Amino acid sequence: QPTDEEAVCELIALMQGGKLDGAAGADELVDVLVRGFEAAPPTDAEMVVLRRLQERWSDRGGLESYAVATAWLAALFVRTERCIAARSRLDECVRAMNAEQRSELQRLGE
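Numbering of the sequence shown is given in my numbering, commencing with residue 7 and proceeding in unit increments.
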């Protein structure tokens with residue numbers, strides 16, 4: 007498990023390794039991180055680390071702040087998209103129920 011400083015350095019290396027520049031570079035970095043998080047969604051423990059990094063490094067400015075904020079944004083985006091997809095599947099499941107099943111579900115929720 008890397009230290010916070012090592013994790014931030016890895017994020018900066020990712021930014022610099024991709025030779026990202028300007029607004030297009032910022033979008034590209036978010037896209038790279040989102041693809042990575044989609045392939046391996048951040049766990050709750052990893053989200054805690056990312057949040058801690060974001061809180062600790064957000065006011066420092068410079069590449070460190072930018073890298074941490076970008077990683078936090080990408081992780082939140084993926085987690086939110088997964089929640090929306092799960093809610094859609096749940097809604098579809100309820101819509102597929104017959105009236106008796108929906109009534110039973112409603113009774114269980116009371």
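Heads up, the beta-carbon is just placed ideally off N, CA and C, and yes, glycines get one too. Everything numeric in this text was worked out from a predicted model, so none of it was measured.
Buried/exposed call for Val4, threshold 16 Cβ in 10 Å: Since the first residue shown for the chain is 7 and the last is 116, residue 4 is missing from the structure and cannot be characterised.
Contact between the region 41 to 59 and the region 71 to 90 (3+ Cβ pairs under 8 Å): By the Cβ rule, the region 41 to 59 counts as touching the region 71 to 90, because three or more pairs are nearer than 8 Å.
Reduced DSSP secondary structure (H/G/I, E/B, other) of Asp1: One cannot answer for residue 1 here, as it falls past the ends of the chain, which runs 7 to 116.
Separation of Leu114 from Asp37, as counted between CA atoms: 42 Å
Residue of Leu59, Ala91, Arg88, Thr49 minimising C-alpha distance to Trp78: Leu59
Counted within 10 angstroms of its Cβ, other Cβ atoms place Val54 as buried (16 or more) or exposed: exposed
Contact set for Ala13: own chain, Cβ-Cβ below 8 Å, skip 5 residues either direction: Val55, Leu59
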